[in-house]
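Top to bottom, those sequences are chains A, B, C and D.
Residue numbers for the first sequence, in my numbering: 1 to 277.
Residue numbers for the second sequence, in my numbering: 278 to 554.
Residue numbers for the third sequence, in my numbering: 555 to 913.
Residue numbers for the fourth sequence, in my numbering: 914 to 1272.
Note that the Cβ used here is the ideal one computed from N, Cα and C, for glycine as well.
Since this is a predicted model, take the numbers as computed values, not measurements.
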Amino acid sequence: MSAPAVRRSRGGAVARWTFLGLLALFFVVPQLAMARFAFQNVPVVMLDSSTVLQGWSAHRLIEALAEPELWVSARTSVVLAALAIALNLALLMPLAVLVEVYRPRLRPLVTAVTLLPWVVPPIALVVGVAATFRQVAPWFLASPLSLVPFYALWAMPFTYRALDAGLRAVNARTLVEAARSLGASLPTVLVRVLAPAMSAAIVASAGLTGALVLGEFAFASLLLKNTLPTYLVNYQRGAPQAGMALALTVMVFTAVGMAGVVHLLRRRGLGVSTVGV
Amino acid sequence: MSAPAVRRSRGGAVARWTFLGLLALFFVVPQLAMARFAFQNVPVVMLDSSTVLQGWSAHRLIEALAEPELWVSARTSVVLAALAIALNLALLMPLAVLVEVYRPRLRPLVTAVTLLPWVVPPIALVVGVAATFRQVAPWFLASPLSLVPFYALWAMPFTYRALDAGLRAVNARTLVEAARSLGASLPTVLVRVLAPAMSAAIVASAGLTGALVLGEFAFASLLLKNTLPTYLVNYQRGAPQAGMALALTVMVFTAVGMAGVVHLLRRRGLGVSTVGV
Amino acid sequence: MTRTSTNQRTDGQHNDMATIEMIGVRKEFGATVALADLHLSIGSGELVCLLGPSGCGKTTALRLLAGFETPDAGAILVDGDDITTVPPRRRGFGMVFQEYSLFPNLTARQNIEFGLKVRRAGKAETAATVERLLTMTRLEKHASKFPHQMSGGQKQRVALARAIATQPRLLLLDEPLSALDAQVREHLREEIRRLQQQVGVTTVFVTHDQHEAMAVADRVAVMRDGVLEQIDPPRTLYSRPASAFVAGFVGTVNRVGARPEPDGWRVLGAHVPAVGEAVTGTAVVRPEQLAVQRANGTPGVFATVTGVSFLGALTRLTLDHPDEGPLVADLIGPEADGWEVGDRAIARVRADAGSVVLQ
Amino acid sequence: MTRTSTNQRTDGQHNDMATIEMIGVRKEFGATVALADLHLSIGSGELVCLLGPSGCGKTTALRLLAGFETPDAGAILVDGDDITTVPPRRRGFGMVFQEYSLFPNLTARQNIEFGLKVRRAGKAETAATVERLLTMTRLEKHASKFPHQMSGGQKQRVALARAIATQPRLLLLDEPLSALDAQVREHLREEIRRLQQQVGVTTVFVTHDQHEAMAVADRVAVMRDGVLEQIDPPRTLYSRPASAFVAGFVGTVNRVGARPEPDGWRVLGAHVPAVGEAVTGTAVVRPEQLAVQRANGTPGVFATVTGVSFLGALTRLTLDHPDEGPLVADLIGPEADGWEVGDRAIARVRADAGSVVLQ
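1. Could you compute how far the alpha carbon of B:A477 sits from the alpha carbon of D:Y1013?
2. Nearest CA to the CA of C:Q750: which residue from C:Q843, C:K612, C:V800 and C:L687?
3. What residues of chain B sit near A:L116, judged by a beta carbon separation below 7 Å?
4. Keeping to the same chain, check which residues put their C-beta closer than 6 Å to that of C:F651; ignore five residues upstream and five downstream.
5. Using a C-beta to C-beta distance shorter than 8 Å, which residues of chain D count as neighbours of C:L865?
6. Report the residue from D:S1091, D:P1146 and D:A1074 whose alpha carbon sits nearest the alpha carbon of D:L1114.
7. Per DSSP, which one or two residues make a beta bridge with C:E740?
8. Distance cutoff 8 Å, beta carbons only. Does C:M649 sit that close to anything in chain A?
9. Is the beta carbon of A:V176 closer than 8 Å to that of A:V110?
10. Please report whether the beta-carbon of A:L83 lies at a distance below 8 Å from any beta-carbon of chain B.
11. Using alpha carbons as the reference points, say which of D:G1164, D:A1078, D:V1270 and D:A986 lies closest to C:L865.
12. Between which two residues does the alpha helix (DSSP H) containing B:P371 stretch?
13. Can you tell me whether A:L25 is buried or exposed? The criterion is at least 16 other CB atoms within 10 Å of its CB, across all chains shown.
14. Can the beta-carbon of C:V810 be found closer than 8 Å to that of C:V821?
15. When DSSP labels each residue in this structure, what does B:H336 get in the three-state scheme?
16. In chain order, what residues of the stretch 453 to 475 of chain B put their CB closer than 7 Å to some CB of chain D?
17. Between C:G861 and chain D, is there a C-beta pair that is closer than 8 Å?
18. Give the straight-line distance between the Cα atoms of B:V425 and A:R103, rounded to the nearest whole angstrom.
19. If the cut-off is 7 Å on Cβ atoms, which residues from the stretch 650 to 669 of chain C count as contacting chain A, listed in chain order?
20. Cutting at 6 Å between CB atoms, please list the residues of its own chain near D:V946, excluding the five before and the five after it.
21. Which residue's Cα is closest to the Cα of D:D1265: C:L726, C:L912 and C:P888?
22. From C:V579 to C:D735, what does the alpha carbon distance come to, in whole angstroms?
23. Select from B:R438, B:Q513 and B:N365 the residue whose C-alpha is nearest the C-alpha of B:F427.
24. Looking at C:L601: is its Cβ nearer than 8 Å to the Cβ of C:V770?
25. Helix or strand or just coil, what does DSSP make of A:R7?
26. Could you compute how far the alpha carbon of D:D1236 sits from the alpha carbon of C:M704?
27. Name, in chain order, the residues that DSSP records as bridge partners for C:I577.
28. In terms of residue numbering, what span does the alpha helix (DSSP H) encompassing B:A441 cover?
29. Have a look at D:I933, D:P1146 and D:Q1096 and flag the residue whose alpha-carbon is nearest the alpha-carbon of D:F1006.
30. Closer than 8 Å between beta carbons: that is the criterion. Which residues of the stretch 90 to 105 of chain A meet it against chain B?
31. For a quick check, are the C-beta atoms of B:N318 and B:G332 less than 8 Å apart?
32. Looking at the structure shown, is A:N41 part of a helix, part of a strand, or coil, going by DSSP?
33. DSSP beta-bridge partners for D:G1220?
34. Distance, Cα to Cα, C:D635 vs C:S598?
35. Give the range of the alpha helix (DSSP H) segment to which A:V213 is assigned.
36. Alpha carbon to alpha carbon, how far is D:A944 from D:V1218? Give it in angstroms, no decimals.
Now the structure itself:
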C-alpha cells in the first residue's frame, strides 16, 4: 500500500492569510504612525521610511507625566469609572438574573430596552438632560460625580450583554433550579452559586465599563468636567507630540490591563471568550 | 377527587414587578422631564406636577426644523452613516465568515482585536490620528468623509459581534459545508446561502452602525466637522428648548426606525433577538 | 382515554418514603395546554417513568412536582400533605437535570456537600454521607475534580449523588441521560435503577426513550398532548396497551387484519387468543410474536423480505406481505440465520405467542 | 490491532456506484492524533458504519472523505482515482449533518433542488428528480414548508433527499439521527437503510450508537483513539469480536473464568466450544447465551437476582454470582416470567449458545 505525499491546496490559504494581513495593516499602520509622531525626536516632515529607526526617545512622555493636573483628572476618571461599575452591576446583575431565570419571556423587551442608550443618539441625552437640569436643579450638575448616571446608562448595553451572555454560558437557569431544589435561599444562590460561576462575565463587564468611562469625551466635555480624556484633548492642543505620547501610553495601559485580567481568568478555567465579550 | 383552588405565592412576583417598575421609572422620568422642557409652553420654573397638562405645543420643533443648516448637517451625517455601514460590512462580513467557518481557532484573537476600539480610549485614537494627519497629510482631514474610517472602526466591535452571533445562530459552518458538498462555489455560498440566512444579523448590524454614527459627537467635534450631533449641540446653546425638542425628535425617529426594521424581520421569521443584539 | 391507577406497591419495604399524588392538575402556558387534568399517584419507594414525545407534558408535570411551576388548577400531595404552593427549596426533593447542572466552581465532593451545608448538617455527618455516596456512585477517584474535568457520565453521577445526599422524599430525574453517548446511557440507566433501589427513594423519571422507560421503571406513565394515556408496569403496558398510540410508542408493532373465530381470532392465517375490543378489526402483533419460515415451494401466501437488521440477540426482518403490507419480525437464534433481502417467506403468529391485542 | 478487510460486495447490483479507499491516512490537530494510520476500503453500494466513542476519529475520517479536512499523510481514492486534494464541491459526494443543515430561507423543495440548480441541471429533470425524492422520503405534504415549520425528523429527511438529489458517488452521514427523539431515531434509521438500498449509493454512516450501527450497516468499522479496531459485518463483529473493546462496545458482555477441557472449555459449569485465544483465561459470554433457572432446592452455586429490566421482546436479569461477580442474562418468552429481585438462580451457558469468545 503506497502512501503518496500529500499535496495540499495552498491557493485558498494564501488568499485568506493575505486578507488577514491587510486587515492587520489597517490596524497597525495608524498606530505605528502615531508612535513615530509621539516618540521620535525627528521633525515631522522628515518622518518617512528612511528615518524609521532614528531618534526614538521617551522624553516627551516624561514631560507630560510631570504635569500635576494630569493626575487630578486621572483620579476623577478612575473614581467615575469605579462608581459607574458599581451602579451598573447593582442595577443590571439582578435584572439579568431575573430575566434569565424567572421571566425569560421578558428577554426580548429587556434586550431591546438596554440597547436604547446606543440607539438613541447619546448626545441628545446629554444635551437634553444637561439643559433641563441646568434650569431645574443646577446643584445636580455641580459635582463631577453627576457624570456617573450618564456613564452607567451609556455602558449599560455592553454590561447587560456581557452579564446576560455569562448567565447563558453557565446555564444559569438550571444552576439556580438545582440550588433551589437543594434548599438554597435566593441570597445563597446569588452569592454562592451564580457570582462565582459568573466571575468571568462580571469581571469582563466591569472591565469594559471602566475602559469606556476612562475614554469618554463627549459627556465630560459638554458638561464641562475635567476628566482624563478632556485633559488629554486640552493638553494635546498645546503640545501635540507629548499629548500623543500620553494618549498612546493610556491606550497601551488599558489594553494590557484588560489582557492581563482575561489571561488570569483563563488560567482559572473561566474563559472570557465564552461570555460573548 | 377534590381539586382545591390554587393559592399562588404572590410575594415573589410583587417584588419582581416592583423592581422592574423602578427600573422603568429610571428610564422614563428623565425622558418625560426632557419632553416637558421641550414641548410645554410653560416657564421652566413652573414645571412641576400641577402643570403637567398645560400648554403642550410643537411650535419650537417647527421653528427648529425650519433652519436650513439642520438639513445640511443631517445630510452629512446620513452620508457618513451609509459609508461607515458599507465599509464595515465589506471588511467584517468576510472576516466573520472566515473566522467562523474556516479558522475557528482565530476566534478568540479576532474577538479580542475587534473589541479594541472600545477598550483603548477612542479619544486617544482621534487625538493621535488627527494630530498626525494634520502634520503629515492635511488633505486627508479636509473632507467630512475623513470621519468614515473612524466611525467604521468605532462601530466595529458591535458590527462584528452582531455578524458573528448571526453566523453562529444560523449554524453557518454547517450551512457552508452543506452548500460546498452540494457543489456550490464560494460566491454562491455567500450570496445564495449565507447572506439570506443572515439577513437579520446584517440589517441589525447595519442599523446599529447607522444609529451610532448619527449620534456621535466627540470625533466630529474634535475634527471640526458639521454633523447632526455637532449642529444639535451648537443650536441648543442658543435655543435650549428648541434644541431639546429637536434632540428628542431625532431620538424617537431613530428608535422607531430600529423597532420597525426589527418588527419587519420578525414577521419574516428572522428573529433579531437570536443574533445577540 | 385517561386511566388512573391507584395500585401502590404494598411490599412494605419503603414505608419511610413518600407517596405522591397529583390530583386534577392543569397547567397552561399562554394558549397551550401543557397538562389537561392529570391524576397520578405514586407509591412509596416506587420508580415511575413519565414517557412521551416532546411536548406531551411530561417535563411540565415534573417541574410542577419540583415546585418550579405552579399549577393553574389541582393539587399536589406528599403523604397526604398539600404542597401545591410550597416553594422548591422547602419541598426537600432531589432533582437531576438533562443539562449538566453541577456548580462549575465546586469540585465533585463540594457539589455533593452543597445541599447538606445549606441545611447546616453536622460536619461529621456530612463527611460520612459524602464518602458513602462517592463510593456508591463509584466516584472516589474523581472526588477532587471540577466539573470541566469530568466526562458527561461522571457529571451526571455527581448530580445524582448530590440529589440524594439530602435524603430527599422524592427524587426527580428530568431526562438525565439524554445528553450522553448511547453506550454510557445504557450503563448509567442500570446504575440509576440500582441506586434507587438501594436508597429506596420514591422516584419520577422523565424520558422520551421507551427502552429507557421500560428498562428502569416499576410503572410507566405514557403521556400524549398533556393527557395521561396509560400508567402500568412495563410488562402490562407492552402486552395490554390501552390505545394504539401506547402500543406504537412502547415498541414496534404490526397492525394486521383479524377475523373472529369460535374461541379466538384468525390473524395472519393462525388461530390466536386475543385481548382488547375489536373496534377496527385490527390486531396488534409484536415483532417477536411472528414466526417466519422459508417458503421452499410450499403453497400459500408469501411475503418478501425487504430488510435484515442485526440487533444483537435478535435479528429483525422487514417483510412485504401481499395482504397485510409491511411487517416486522424479530427472530432469535438459528431461526435468524441466513436471511437475505428478496427471500420469500411465510409469516405466522407463533403458536406460543400468547394473546395479541385487538383494536 | 488494525485489521483491514478488502472483501467487497460482489452481488454486481451497484456496479455504477463507487468504491472508496483510504490508504494510510493520518490526521493530527495540534498535538492530538485524530487518525493514526487508517486503511479502509468500501465496496460499491455498501453501507459502512464508523462506530466508536467520542474522540475516536470517526468524524475526522468522514470529514476527510468529504474534503473538509486534508490528511497529513495518506491518500483517498474513489474508483482508483486519487481525490485526496480535490475540494469538496468537486467531489460529487452527498452529506447529511448531525446539526440541522437546511438552508433556512428555502422551502423543503427548494432545499432539495439546490444541488441540481448549482449544477445547472435541466428544469424538467430537476422537477422530476425532486418529485421522485419527495415521494421516496414521504415529504410530499411538506414540500412547501420552511425548515422552521418542520419537525426534526422531517428536516433530516429533507437533508437526506437533498444529499442524494445530485446522484452522489458517495453518501456521507455524520450522526444524522443524534439530535432526534428515540422513537423518531429508530424509525428514520430504517428509512435511511431502505432509501440507501433503493438508490444503491455507497454510504459511510458515522455514529456512536452501537444499536444504530448494527441495525443499518453492511459492515461496521469500530474505531478507538484514532485506530480502526475491527471492520466486519455486524454478525461477525458480534460473535467474533477482535478485542475486548469491540466485544464490550458492540453489546453487553459477561466476562467469566474459562478452564480448558478436552475439546472445549468449561465456562460457568458448562462445557462449551470456544473461539479466540485464551490469553487471560477469560470467556466473553453474551447475555442471551446464558440460561437462568430457579434454584428450587437444587444443590449448587447460586447467583442472586439483583435487577429485572423489561426490554420488550427480552427481559434482562442482572445477577450477582459468588464466583464470577455481576452477570447479565437476557431471557425470552416464558423463561422470563416471574423473576423478582432477591430470587436465587442458577446461571449456565445455554446448550445451543454456540461458541463463546476467549481472551
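Judging by the given coordinates:
1. 19 Å
2. C:L687
3. A532
4. D728
5. H1124, M1127 and A1128
6. Strictly speaking, residue 1114 of chain D in this sequence is Val, with Leu absent from that position. The shortest Cα separation from D:V1114 among D:S1091, D:P1146 and D:A1074 belongs to D:A1074.
7. Paired residues: none, contrary to the question.
8. yes
9. no
10. no
11. D:G1164
12. P345 to V374
13. exposed
14. yes
15. helix
16. E454, A455, R457, S458, L459, G460, A461, S462, T465, V470, P473 and A474
17. yes
18. 41 Å
19. F651, E653, S655, F657, P658, N659, F668 and G669
20. G1139
21. C:P888
22. 35 Å
23. B:N365
24. yes
25. Any reading at A:R7 must be qualified, since the residue scores a pLDDT of 37, below 50, and its modelled position is unreliable; the value itself is stated next. Three-state result, A:R7: coil.
26. 33 Å
27. C:A629
28. Strictly speaking, residue 441 of chain B in this sequence is Asp, with Ala absent from that position. Run containing B:D441: L424 to A446, per the alpha helix (DSSP H) assignment.
29. D:I933
30. L91, P94, L95, L98, Y102 and R103
31. yes
32. coil
33. D:T1231
34. 14 Å
35. S199 to G215
36. 47 Å
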